Every structure is written in structure tokens, then in C-alpha cells.
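Colleague:
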């Protein structure tokens, strides 16, 4: 009689179990070690972190880099090599913002200093003497931080050009020997994109800059040319515009963004700054905003800005709005200089 092997005498359920055990163990090892995970070294991702901070809590209690919304934006820009300090002052519709960056020949940059909301020229210091003295102090502070005189630039935003006081400021700057750069809404949108939109996201994302005087929405088209549209800014109520009318206008403008450019919105501006400040965790560069309906404020400007934010979100169905704490259209201006 033919001798049967031990394996052949086993029943099929036992054989299946014996085969499955090493396969399961191999799969478990691969999962834990990350061998089977997909990697993308170029494009950053947003992730949900259940252990993130909560609104009103101590940011240090949450995971570092996690906003109160529980979402993070994991992207690390390249550092400049042998860079030089450049300074730019934005004369905005509500005051001054200044930035000092370290920028190299390849246009790689990092923020060195930033100062938001210096509004002395809009809060009583209206005489030319006061403005000149204030500007000298402001410029002197930049010199103290190591910026050379030839590397200090002034830009007047498109919204600020509608303010009468900015004409006085521009006149004083010219008397002091500085070139005052006036930018249009179209240029502003393109410069914002240049500073805030990483190359890895040019094919699938867009930029929104909600300023006080106007809002600029921009994206790169198929030929890598920057397209930009202008809508009302967060202080539209001062012009007698109603919430519903502005919402409809912004929504119509945002609908022009190609559908393949709506994965992430990189958002800038005074109101987004306030929204991000509520939930920022530590010193993260990127904060993912909460949904517009999750923000409550008694400030008219903030509520108006949130109305604009909501219109953009509703038009695009984009659910990832990333505020960059370092970028600004004026930095885009510095990046555009030869």
C-alpha cells in the first residue's frame, strides 16, 4: 500500500490555516514597518489628527503642528542658500505690514521678521510731520535688523490706493528718496500666488487673498500663466454693500476657477489671519482653517470676511483652506525683482 505523506493526510481546513498564518504575519510586519505604504516626496498632504488642540484650550496640550480643527498641512519649503536680507513694507487700506526675508539667487526664501497692523497713519497721526517721523522710525527698525537701504521697498496695495491718506504717505516716501510701487488688483493676485503657492500645488490648487479693500482670487492656468479676479474686500460694508450681494458676486467670481484647481486653497489677508490666530498651535507655518460656519465673531469686518470665505468655499467645494503665516503678496513682489 502506498505510503501517504503527513501533509497529504491533513484535512484542507488545517492546510488553509497553516498557509494563512505566515501570510498574515508577513502582511502585519509590512503594515507596521511602512513597507506597503505609498510615499510622495514632492506633494504635501493634509491629515486629520484626533489628538490636536481644541478651541479655547492650551495649544501646548495638543500635538505640535496641529490646529484646533484637528487638521495639519505637512509641507516644508526649501531653505535659501547664501541669501540676502530684503525688506518690504505694505501700505494697506488699514495700516502697515512689514516683512523681512532671507532670499537667495534661486528665489528660495524664509521669513526673518514680520510685523502686522502698524496703523499709526490711520489713527490720528495725520499730519505730514507725524507721518514722516513715523516712517523714519519704521525704516530705521528695518536697518537695525540688518536690511540695507537699497533693499527696502514700499508697496501700496490696490485697496489702499482708494484711501486718501495713502497719497500723503506716498508723497512723503518719495521726498525721502524711496520708490513707491503701486500695484493693481490683477498684479496683487499674481504676486500673492507667487509667494504662497508651492510648485507642488500649482496644478491642483488656487489662492485667495481677502484684503480690507478688495479680495483677489488667482490660479495658474494650463500654460502656467497666472489668472486673477477681483471682488469686494472685507470692509465692503463701508461702501453700503449688503452681505447677500457680496456673497453672490464672490461666488460668481470663484466659480471661474477651473475644477481641477480646487483641491487646496492657500488663503491670505487680514480676516484669514484672525481666523487662523484662533486655532494656531505653537509656531506652525501653515494653519488649516475651520469651516466658515464654525467661526463666530461680533466684529463687523470679521463677519464680512467670513461671508467672503463662505462664498469661495461654496463656489468651489474646496474643504482645505490653508493660511500661510509667512507669505504675503508683497513678498511675491520681492520674488519678482531681478
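In my numbering, the protein residues as written are 3 to 340. Idealized CB from N, CA, C, for every residue including glycine. Quick caveat, the model's predicted, so the values are computed rather than measured.
Which first and last residues belong to the beta strand (DSSP E) in which residue 230 is found?
Modeller: Taken as a continuous stretch (DSSP letters only), the beta strand (DSSP E) holding residue 230 covers 228-234.
Colleague: For residue 322, which three-state DSSP category applies?
Modeller: Coil.
Colleague: Report the CB separation of residue 268 from residue 308 in whole angstroms; it is logged as a contact under 8 Å.
Modeller: Rounded, the Cβ-Cβ distance is 18 Å, inconsistent with contact.
Colleague: Using a 10 Å radius around the Cβ and a threshold of 16 neighbouring Cβ atoms, would you call residue 250 buried or exposed?
Modeller: The residue is exposed, with fewer than 16 neighbouring Cβ atoms inside 10 Å.
Colleague: Residue 243 to residue 187, Cα distance in whole Å?
Modeller: One C-alpha to the other measures close to 19 Å.
Colleague: In terms of alpha-carbon separation, which member of 326, 171, 272 and 252 lies closest to residue 199?
Modeller: Residue 199 has its Cα closest to that of 326, out of 326, 171, 272 and 252.
Colleague: Do you know how far the Cα of residue 306 is from the Cα of residue 239?
Modeller: Roughly 8 Å separates the two Cα atoms.
Colleague: Alpha carbon to alpha carbon, what distance is there between residue 254 and residue 91?
Modeller: Roughly 32 Å between the two C-alpha positions.
Colleague: So, at 7 Å on beta carbons, what are the nonlocal neighbours of residue 176 in its own chain, with the 5 sequence-adjacent residues on each side left out?
Modeller: Excluding positions up to five away in sequence, the list reads 182.
Colleague: Measuring only the C-alpha atoms, how far is residue 157 from residue 332?
Modeller: Going by the C-alpha atoms only, they are around 7 Å apart.
Colleague: Going straight from the alpha carbon of residue 168 to that of residue 231, what length do you get?
Modeller: Cα-Cα distance, rounded: 24 Å.
Colleague: Alpha carbon to alpha carbon, what distance is there between residue 291 and residue 297?
Modeller: Their Cα atoms are separated by approximately 10 Å.
Colleague: Give the secondary structure of residue 144 by DSSP, where H, G and I count as helix, E and B as strand, and everything else as coil.
Modeller: Helix, per DSSP.
Colleague: Look at residue 113 and residue 149 and say whether their C-beta atoms are less than 7 Å apart.
Modeller: Not a contact, by the Cβ cut-off of 7 Å.
Colleague: Starting from the C-beta of residue 323, find all residues in its chain whose C-beta is less than 6 Å away, skip the five residues before and the five after it, and write them out in chain order.
Modeller: Within the same chain, residue 323 has close Cβ partners 267, 269 and 291.
Colleague: Where are the alpha helix (DSSP H) runs, 4 residues long or more, that stay fully inside the stretch 178-212, in chain order?
Modeller: Entirely contained in the stretch 178-212, the alpha helix (DSSP H) runs reaching 4 residues are, in chain order, 187-198.
Colleague: Taking DSSP as the reference, what is the three-state secondary structure of residue 243?
Modeller: Here residue 243 sits in coil by DSSP.
Colleague: Please state if the CB of residue 214 and the CB of residue 272 are separated by a distance shorter than 7 Å.
Modeller: Yes, these two residues count as a Cβ contact at 7 Å.
Colleague: Report the residue from 256, 265, 274 and 283 whose alpha carbon sits nearest the alpha carbon of residue 313.
Modeller: Out of 256, 265, 274 and 283, 256 has the C-alpha closest to the C-alpha of residue 313.
Colleague: Report the three-state DSSP secondary structure of residue 42 (helix, strand or coil).
Modeller: Summary for residue 42: the model assigns pLDDT 37, below 50, so the residue's position carries little reliability, and this model does not support an answer.
Colleague: From the DSSP secondary-structure annotation, give me the bridge partner or partners of residue 87.
Modeller: Beta-bridge pairing links residue 87 to 104.
Colleague: Please classify residue 289 as buried or exposed, where buried requires at least 16 other C-beta atoms within 10 Å of its C-beta.
Modeller: Burial call: buried.
Colleague: Assign residue 233 to one of two classes, buried (16 or more other C-beta atoms within 10 Å of its C-beta) or exposed (fewer than that).
Modeller: So residue 233 counts as buried.
Colleague: Could you pull out every residue in the same chain whose Cβ sits closer than 7 Å to the Cβ of residue 197, ignoring the five residues on either side in sequence?
Modeller: Within the same chain, residue 197 has close Cβ partners 329, 330, 331, 333, 334 and 337.
Colleague: Measuring alpha carbon to alpha carbon, tell me which of 262, 89, 172 and 143 ends up nearest residue 207.
Modeller: Residue 207 has its Cα closest to that of 262, out of 262, 89, 172 and 143.
Colleague: In whole angstroms, give me the CA-to-CA distance for residue 109 and residue 193.
Modeller: Near 14 Å, if we compare the C-alpha coordinates of residue 193 and residue 109.
Colleague: For residue 344, which of 278, 191, 117 and 77 has the nearest alpha-carbon?
Modeller: Beyond the ends of the chain as shown, which are 3 and 340, falls residue 344; an answer cannot be given.
Colleague: In whole angstroms, give me the CA-to-CA distance for residue 78 and residue 203.
Modeller: So the alpha carbons of these two residues sit roughly 13 Å apart.
Colleague: Given this structure, state the Cα-to-Cα distance separating residue 88 from residue 317, to the nearest angstrom.
Modeller: Roughly 37 Å between the two C-alpha positions.
Colleague: The alpha helix (DSSP H) that contains residue 214, what's its start and end?
Modeller: Element bounds for residue 214: n/a, residue is neither H nor E.
Colleague: Should residue 142 be labelled buried (16 or more other beta-carbon atoms within 10 Å of its own) or exposed?
Modeller: Classification for residue 142: exposed.
Colleague: To the nearest angstrom, how far is the alpha carbon of residue 138 from that of residue 94?
Modeller: When rounded, the distance between both Cα atoms is 18 Å.
Colleague: What is the DSSP secondary structure of residue 293, counted as helix, strand or coil?
Modeller: Of the three classes helix, strand and coil, the one that applies to residue 293 here is coil, per DSSP.
Colleague: According to DSSP, simplified to helix, strand and coil, what is residue 159?
Modeller: Coil.
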